[in-house]
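Take the sequence shown: its position 54, counted from the start at 1, is 54 in UniProt numbering, and no numbers get skipped.
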Amino acid sequence: MITLHHLNNSRSQRIIWLLETLAVDYQIKTYQRNSETSLAPEALLEIHPLGKSPVITDGQRTIAESGLIIEYLAQSYRQNVDLLPEQGSEAHWQYLYWLHYAEGSLMPFMVMTLVFEKIKTAPMPFFIRPVAKAIADKAIAGYAGPNLIKNLQYVDDYLEGKTWFAGDKITGADIQMIFPLEAAISRGDARKQYSNIAGYVDHIHQLESYQKALEKGGPYDYAS
Numbered sequence: 001m002i003t004l005h006h007l008n009n010s011r012s013q014r015i016i017w018l019l020e021t022l023a024v025d026y027q028i029k030t031y032q033r034n035s036e037t038s039l040a041p042e043a044l045l046e047i048h049p050l051g052k053s054p055v056i057t058d059g060q061r062t063i064a065e066s067g068l069i070i071e072y073l074a075q076s077y078r079q080n081v082d083l084l085p086e087q088g089s090e091a092h093w094q095y096l097y098w099l100h101y102a103e104g105s106l107m108p109f110m111v112m113t114l115v116f117e118k119i120k121t122a123p124m125p126f127f128i129r130p131v132a133k134a135i136a137d138k139a140i141a142g143y144a145g146p147n148l149i150k151n152l153q154y155v156d157d158y159l160e161g162k163t164w165f166a167g168d169k170i171t172g173a174d175i176q177m178i179f180p181l182e183a184a185i186s187r188g189d190a191r192k193q194y195s196n197i198a199g200y201v202d203h204i205h206q207l208e209s210y211q212k213a214l215e216k217g218g219p220y221d222y223a224s
């Protein structure tokens, strides 16, 4: 049986959605973040040397990295539900592109922006705060922010008139892209600014498989 090593309130939520979509037998082992640092617990180091989540075990295999987990499960359990476009088709190349784009292009700017935002409010000596805030503001305004906006607008434009990221059915690309898009529209007025992304996320959230995943994954900041 597949075991998902799931960190609460994290991107591993999308792997639960994947497992529900594939309708496979699986179990979840949940790990709680450190309440002060929000980091994963050291117990995850017993599963994988990097101590990160998501990680799955399937028989003797231990597989990390969301993209590889999606590829592995989609191929291994294709007979249940086919989440892979036809090999060599245009949809197939779009599937591969968005599968890699999510973590390779979009997430770095999201994480960078989040880190600099946290720096501005982190505990520090009062005389250092103005300097730290100025550096963080400059990094966001001059690099992370503009690149994040550019990428979100790119995705929003792509989704115009589309239901799925690759072809006319759900694929692993949708599983991979949902987390960064959920996170994106949760900030400020992004939902209004990127209406196609907001509509796409709302559509995914209405799926029965997604709702079942929420029931099993525990509290999740981006559930609505």
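Here a beta-carbon is modelled for each residue, glycine too, at the ideal position from N, C-alpha and C.
Excluding the 5 residues preceding and the 5 following residue i in the sequence, name in chain order all residues of the same chain whose CB lies nearer than 7 Å to its CB.
{"i": "Q32", "result": "N8, P41"}
{"i": "M1", "result": "D25, Y26, Q27"}
Cutting at 6 Å between CB atoms, please list the residues of its own chain near residue i, excluding the five before and the five after it.
{"i": "R191", "result": "I185, A198"}
{"i": "L19", "result": "Y26"}
{"i": "A139", "result": "F116"}
{"i": "R11", "result": "F179"}
{"i": "G217", "result": "Q13, I16"}
{"i": "S38", "result": "none"}
{"i": "A213", "result": "I16, W17, E20"}
{"i": "A102", "result": "Q176, M177, P180"}
Select from the options the residue whose C-alpha is nearest the C-alpha of residue i.
{"i": "Q79", "options": "E65, V24, H100, K212", "result": "V24"}
{"i": "D82", "options": "S195, K169, Q206, N34", "result": "K169"}
{"i": "A172", "options": "S12, G51, S89, L99", "result": "Per the sequence shown, the amino acid found at residue 172 is Gly instead of Ala. Selected option, being the one with the closest Cα: L99."}
{"i": "residue 266", "options": "S35, T30, S105, Q211", "result": "Given a span of 1 to 224 for the chain in the structure shown, any question on residue 266 remains unanswerable."}
{"i": "Y220", "options": "D202, H203, F179", "result": "F179"}
{"i": "A91", "options": "W164, Y154, A144, I2", "result": "W164"}
{"i": "D174", "options": "S195, G217, V131, L207", "result": "L207"}
{"i": "N34", "options": "L44, I204, Y26, A134", "result": "L44"}
{"i": "residue 231", "options": "V131, P130, I28, Y194", "result": "Any property of residue 231 remains undetermined from this structure, which presents the chain solely from 1 to 224."}
{"i": "R187", "options": "Y77, R129, T113", "result": "T113"}
{"i": "L106", "options": "V155, A141, Q75, E65", "result": "V155"}
{"i": "N196", "options": "G161, P123, G104", "result": "G161"}
{"i": "M3", "options": "L50, I63, L39", "result": "The sequence given here places Thr at residue 3; Met does not occur at that position. That would be I63, whose Cα lies nearest to the Cα of T3."}
{"i": "residue 288", "options": "Q87, R61, W93, H6", "result": "Only positions 1 to 224 of the chain appear in this structure, which leaves residue 288 out of reach."}
{"i": "residue 228", "options": "R61, G104, K133, P49", "result": "The displayed coordinates of the chain run from 1 to 224. Any statement about residue 228 would go beyond what the structure contains."}
{"i": "E36", "options": "A122, G142, Y101, V111", "result": "A122"}
{"i": "L152", "options": "Y222, G59, D189", "result": "D189"}
Quick test of your reading: residue i and residue j, contact by CB under 8 Å. State the CB separation rounded to the nearest angstrom.
{"i": "I69", "j": "P54", "result": "6 Å"}
{"i": "F126", "j": "A144", "result": "So it is not a contact: roughly 26 Å between Cβ atoms."}
{"i": "S224", "j": "W17", "result": "Not quite, the Cβ-Cβ distance comes to about 15 Å (not below 8 Å), so this is no contact."}
{"i": "A136", "j": "I149", "result": "Their Cβ separation, rounded to whole angstroms, is 17 Å, which puts A136 and I149 out of contact at 8 Å."}
{"i": "A166", "j": "Y95", "result": "4 Å"}
{"i": "I66", "j": "I15", "result": "The residue asked about is misnamed: residue 66 is Ser in this sequence, not Ile. That pair is a contact at about 7 Å."}
{"i": "M124", "j": "A132", "result": "6 Å"}
Just reading off the beta strand (DSSP E) that residue i is part of, what are its end residues?
{"i": "Y7", "result": "The residue you asked about is not Tyr; residue 7 is Leu in the sequence shown. Note, L7: beta strand (DSSP E), 2-7."}
{"i": "Q75", "result": "Looking at the DSSP string, Q75 is not in any beta strand (DSSP E); the run it does join, the alpha helix (DSSP H), is 66-76."}
{"i": "Y26", "result": "26-31"}
{"i": "D58", "result": "55-58"}
Residue range of the alpha helix (DSSP H) that residue i falls in?
{"i": "Y97", "result": "90-101"}
{"i": "I178", "result": "172-185"}
{"i": "N151", "result": "145-158"}
{"i": "K169", "result": "Here K169 belongs to no alpha helix (DSSP H), and DSSP marks it neither H nor E."}
{"i": "S10", "result": "Segment: none, S10 is in no alpha helix (DSSP H) and carries neither H nor E."}
{"i": "D202", "result": "195-205"}
{"i": "Q211", "result": "208-217"}
{"i": "I135", "result": "129-139"}
{"i": "E117", "result": "107-121"}
So, at 8 Å on beta carbons, what are the nonlocal neighbours of residue i in its own chain, with the 5 sequence-adjacent residues on each side left out?
{"i": "V201", "result": "I178, L181, E182, I185"}
{"i": "L50", "result": "A64"}
{"i": "H203", "result": "T163"}
{"i": "N147", "result": "F109"}
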